[in-house]
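> Below is the structure I would like to discuss, written out as structure tokens.
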Ligand SMILES: Nc1ncnc2c1ncn2[C@@H]1O[C@H](COP(=O)(O)OP(=O)(O)O)[C@@H](O)[C@H]1O
Ligand code: SF4
Ligand SMILES: [Mg+2]
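Protein chains in written order, with our numbering: chain G, 48 to 366; chain X, 416 to 749.
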């Protein structure tokens, strides 16, 4: 088990390194110059001389060959220094500390809602197969999977934000500052971010439960005279969760990916929004840092998911 | 000895796209106290469905459409499938073990969890008592060092060992009847014999009755006191084990005897029964065995399905028009 985790962590390290390399080179090979964009958008528009720009370029080390830049970046990283944002002119580490909790808040709430809801919906549909409950879940999950998130987001803003005026249309407030406002602001984004997850989860859970319910060991359980509740809770549920754990790993990636779109629709100052803005501004330093952090989060959560397999399925051996 | 279970004219049908499958069509049988009964027939003849009907474990698209299942004087079919009366009988008074040892135990629960469950449910034991009893039971069925293995998972055991665990689970609540549905089919010959011995000694020890369901007449030869031979959803021959082996009277039984390896005979030549069992959705009005029967007469072709009729031997009955003892080409391997 310990050696498995160590091996997985090493692999994770290799993947993160590759991701960082690819991102590092790709953004530099794209046409455009972050400093020119910065200059064009800055207060002193047109007042900067070419010399000043070149001085800035040297300050960021962007005048050096790419390989040297990468080595320097990694060196700084080792010291815990994520660099200085070109666009925001701020320490990127500080920027991340502001933005990351916002995205984590949105993602974790979405996950905490979609996971149990999806599982319950799928379970109910399977146990009451062919009834109206089943039909609602099946049709609902098709819609949930097919619906485009950005369209849904704008529709929600249009209806509940603008027409009915029930919910704030955008923005983010820390729950520690104003819990009520924070929650109201999160309702629509979380809804958008959960819908595909709930639908996918419900569908997988439904087919999983239907399959498990037909297994010989479930017949054995019935033959012991157990109640339906005992058969479902003790014999069906845990076995049905095994495939759910598999898609959970993907769902976590999906929810983080989804937050990029959702933060932009609802003007939420999280990692996703930061990443998109930084891409437009060609803010190399921020792009590098945020992709690095996202990659680490996704790899870590997948590792957690894989370890939790062992709890659901004793046949799994980590070696 | 008293009558424990009496099934009368049981009919269990399945509604499928191809029509109604009459998997069990008018089966009657009984089991006395402390008796070992064999139910034998080719795969698909309705053995499992018959036993599942007794347990009321028939699910859609199947349904018990007729008959009575009298157990301890009560008709089980009057009870609701998942009602409290039926649940207390299932596992408590009638237990069943299944063909596939590899898939019949829950892979994510330990042996303790799976055996204790029945003990706590039916005998109202505490967790600790149930665990102690589960260890004893595992010892009884021959699992080595049971107190160490009780918290293991099924995948840590071989097929034969798992079937022993199934037997322990089945006998856990001291049931009146243990139904063993092809308990040894998936296992090698040596293990088969050991498990049959084990089941026999277990039911003797617990004073239970045993139903051995098998497609292999050889399996029941040494153990069963009485045998039911099934074909296409019906009993075609029944009687005492020794009568059926010495004096088989139904052509299908003769075919079975010649086609099935016996545990007690070595180096024999097997002659399979020609043809296939009929499609249960389109049963002819005549004897179901007619297309495969070497003894068929004009009467068989024109008359409806024969009824069970008594022949020589106590309780010996056959569903056949012909008296094959009088036909000279009888080829029963002795
Ligand atoms: N769930 C089901 N749906 C449709 N037909 C079934 C079902 N279960 C059993 N049958 C039919 O019932 C017949 C008897 O099956 P079974 O009792 O399992 O035979 P066996 O004697 O091999 O145990 C078979 O022909 C099978 O096609
Ligand atoms: S009734 Fe006729 S066809 Fe049927 S088993 Fe007897 S001899 Fe064969
Ligand atoms: Mg069967």
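Positions of the beta carbon are idealized from the N, C-alpha and C atoms, including for glycine.
1) With a cut-off of 7 Å, give the chain-ordered residues whose Cβ is closer than this to any heavy atom of ligand 3.
2) Would you call the segment 215-224 of chain G and the segment 243-263 of chain G touching, i.e. three or more CB-CB distances under 8 Å?
3) Which residue marks the beginning of the alpha helix (DSSP H) containing residue 464/X, and which one marks its end?
4) My guess is that residue 634/X and residue 611/X are in contact by the Cβ rule of under 8 Å, so how many angstroms apart are they, rounded?
5) What are the boundary residues of the beta strand (DSSP E) that residue 444/X is part of?
6) Taking only beta carbons into account, state which residues of the segment 266-286 of chain G come closer than 9 Å to chain X, listed in chain order.
7) Classify residue 745/X as helix, strand or coil using the three-state DSSP reduction.
8) Going by the C-beta, is residue 492/X closer than 7 Å to any heavy atom of ligand 1?
9) Using 8 Å as the Cβ pair cut-off and three pairs as the minimum, do the segment 185-200 of chain G and the segment 265-285 of chain G touch?
10) Just how far apart, CA to CA, sit residue 513/X and residue 571/X?
11) Quick check on the burial criterion: 16 or more other C-beta atoms within 10 angstroms. Buried or exposed for residue 211/G?
12) Is residue 429/X near ligand 1 - that is, is its Cβ less than 7 Å away from at least one heavy atom of it?
13) Going residue by residue through the segment 177-253 of chain G, where are the continuous alpha helix (DSSP H) segments of at least 4 residues, counting only ones entirely within it?
14) Using the three-state DSSP reduction, which class does residue 701/X fall into: helix, strand or coil?
15) Just to check my reading of the structure: residue 665/X and residue 588/X have Cβ atoms closer than 8 Å, yes? What is that Cβ distance to the nearest angstrom?
16) Is residue 699/X near ligand 1, judged by its Cβ being under 7 Å from some heavy atom?
17) Where do the N-terminal and C-terminal ends of the alpha helix (DSSP H) with residue 696/X fall, by residue?
18) Below 7 Å, is the gap between the Cβ of residue 438/X and the nearest heavy atom of ligand 1?
19) Would you decide whether residue 499/X is buried or exposed? Buried here means 16 or more other CB atoms lie within 10 Å of its CB.
20) Return the bridge partner residues of residue 732/X from the DSSP annotation.
21) Using a Cβ-Cβ distance under 8 Å, would residue 88/G count as near chain X?
22) Are the CB atoms of residue 659/X and residue 456/X within a distance shorter than 8 Å?
23) Between residue 521/X and chain G, is there a C-beta pair that is closer than 8 Å?
24) Starting from residue 568/X, find everything on chain G with Cβ-Cβ shorter than 8 Å and list it in chain order.
25) Between the alpha carbons of residue 117/G and residue 68/G, how many angstroms are there, rounded?
26) DSSP three-state call for residue 323/G: helix, strand or coil?
27) Counting only the same chain and skipping the five closest in sequence on each side, list residues whose C-beta sits under 6 Å from that of residue 748/X.
28) Of the choices 222/G, 304/G, 346/G, 285/G, whose alpha-carbon is the least far from that of residue 12/G?
29) Closer than 7 Å by beta-carbon distance: list the chain X residues that pair up with residue 251/G, in chain order.
30) How is residue 142/G classed by DSSP in three states: helix, strand or coil?
31) Which residue marks the beginning of the alpha helix (DSSP H) containing residue 296/G, and which one marks its end?
32) Count the other CB atoms within 10 Å of the CB of residue 434/X; is the residue buried (16 or more) or exposed (fewer)?
33) Taking the alpha-carbon positions, what's the residue 337/G to residue 323/G distance?
34) Is residue 377/G buried or exposed, if buried means 16 or more other CB atoms sit within 10 Å of its CB?
35) Going along the chain, which residues of the segment 236-265 of chain G sit with their C-beta nearer than 7 Å to a C-beta in chain X?
36) Given this structure, state the Cα-to-Cα distance separating residue 585/X from residue 485/X, to the nearest angstrom.
Quick look at the numbers:
1) 458/X, 462/X, 463/X, 514/X, 596/X, 597/X, 628/X
2) no
3) 462-469
4) 7 Å
5) 434-447
6) 266, 267, 268, 269, 270, 271, 272, 273, 274, 275, 277, 281, 282, 285, 286
7) Residue confidence for residue 745/X is low, a pLDDT of 49 falling below 50, so the modelled location carries little weight and cannot support an answer.
8) no
9) no
10) 19 Å
11) exposed
12) yes
13) 179-193, 196-203
14) coil
15) 37 Å between Cβ atoms; not a contact.
16) no
17) It is not in any alpha helix (DSSP H) - residue 696/X carries neither H nor E in the DSSP assignment.
18) yes
19) exposed
20) 653/X, 725/X
21) no
22) no
23) yes
24) 361, 362
25) 8 Å
26) helix
27) With a pLDDT of 43 at residue 748/X, under the threshold of 50, the predicted position of this residue should be treated as unreliable, though the coordinate-derived value follows. Cβ within range, chain order: 673.
28) What is shown of chain G runs 48 to 366, which leaves residue 12/G out entirely.
29) None at all; the shortest Cβ gap to chain X is about 18 Å.
30) helix
31) 284-312
32) exposed
33) 10 Å
34) Because residue 377/G is not part of the residues shown, which for chain G are 48 to 366, the question remains open.
35) 262, 263, 264
36) 21 Å
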